[in-house]
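Engineer: Before we start, here is the structure in question, set down as structure tokens.
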Amino acid sequence: MKYKVAFICVHNSCRSQMAEGWAKKLGSDIFEVYSAGTENYKEVKPLAVEVMEEAGVSMKGHRPKLLSEIPSKVDVLITMGCNVVCPYIPNKYKVDWGLDDPSGGTIEDFRKTRNLIKLKVEDLIRLVKNKEIDL
Numbered sequence: 289m290k291y292k293v294a295f296i297c298v299h300n301s302c303r304s305q306m307a308e309g310w311a312k313k314l315g316s317d318i319f320e321v322y323s324a325g326t327e328n329y330k331e332v333k334p335l336a337v338e339v340m341e342e343a344g345v346s347m348k349g350h351r352p353k354l355l356s357e358i359p360s361k362v363d364v365l366i367t368m369g370c371n372v373v374c375p376y377i378p379n380k381y382k383v384d385w386g387l388d389d390p391s392g393g394t395i396e397d398f399r400k401t402r403n404l405i406k407l408k409v410e411d412l413i414r415l416v417k418n419k420e421i422d423l
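What the sequence shown shows, in the working numbering, is residues 289 to 423, in sequence order.
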């Protein structure tokens, strides 16, 4: 059985896209992975794509999506720390990762965010595999 996990942010153009990429690469055996935003945005940030690709994570086909484009109910809901109230999405486990947005920063800022998200995704995978969260 795979658990549905959704990464939610305002624009779904950077942090939530990175999280989706890592979760698909590292947790495809246990997760069905989604990401979405609460507002329309034109593209995934080019620096987000660049730093993920340099880490070996394909971002091919990634595009900003709205909440209406993902399942209306998920097992795990992760918000990125966007300081907005997301609409309620039924879930069994929710956490806010409180990540700073690297948008407008340097490529190094994007790399730091990428690396932090990887660690958080790895920890989430461990929690789920070890049944440390009730799903």
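Backbone N, C-alpha and C fix where the C-beta goes; we use that ideal spot for every residue, glycine too.
Applying the 10 Å Cβ sphere with the 16-neighbour rule, what's the burial state of residue 322?
Structural biologist: As a first step, residue 322 is located in the sequence shown; it is residue number 34 there, counting from the start. Label assigned to residue 322: buried.
Engineer: Report the CB separation of residue 303 from residue 377 in whole angstroms; it is logged as a contact under 8 Å.
Structural biologist: Along the sequence shown, one-based indexing puts residue 303 at 15. Along the sequence shown, one-based indexing puts residue 377 at 89. The pair is not a contact, with the Cβ atoms about 17 Å apart (cut-off 8 Å).
Engineer: Write down the C-beta distance between residue 295 and residue 366 rounded to the nearest angstrom, noting that I regard them as a contact closer than 8 Å.
Structural biologist: Taking the first residue of the sequence shown as position 1, residue 295 is located at position 7. Taking the first residue of the sequence shown as position 1, residue 366 is located at position 78. Going by Cβ atoms, the distance from residue 295 to residue 366 rounds to 5 Å, so yes, they are a contact pair.
Engineer: Assuming residue 335 contacts residue 421 (C-beta within less than 8 Å), just tell me the rounded distance between them.
Structural biologist: By 1-based counting over the sequence shown, the position of residue 335 is 47. By 1-based counting over the sequence shown, the position of residue 421 is 133. With a beta-carbon spacing of about 32 Å, residue 335 and residue 421 fall beyond the 8 Å limit used to define contacts.
Engineer: From this set, 342, 329, 386 and 360, which residue's C-alpha is nearest residue 375's C-alpha?
Structural biologist: Here residue 375 is taken as the residue at index 87 of the sequence shown, counted from 1. Comparing Cα positions, the closest option is 360.
Engineer: Roughly how many whole angstroms lie between the Cα atoms of residue 356 and residue 397?
Structural biologist: Locating residue 356 in the sequence shown gives position 68, counting from the first residue. Locating residue 397 in the sequence shown gives position 109, counting from the first residue. Roughly 30 Å between the two C-alpha positions.
Engineer: Below 8 Å on the Cβ atoms is my guess for residue 298 versus residue 325; work out the distance and round it to an integer in Å.
Structural biologist: Position 10 of the sequence shown, counted from the first residue, corresponds to residue 298. Position 37 of the sequence shown, counted from the first residue, corresponds to residue 325. That pair is a contact at about 6 Å.
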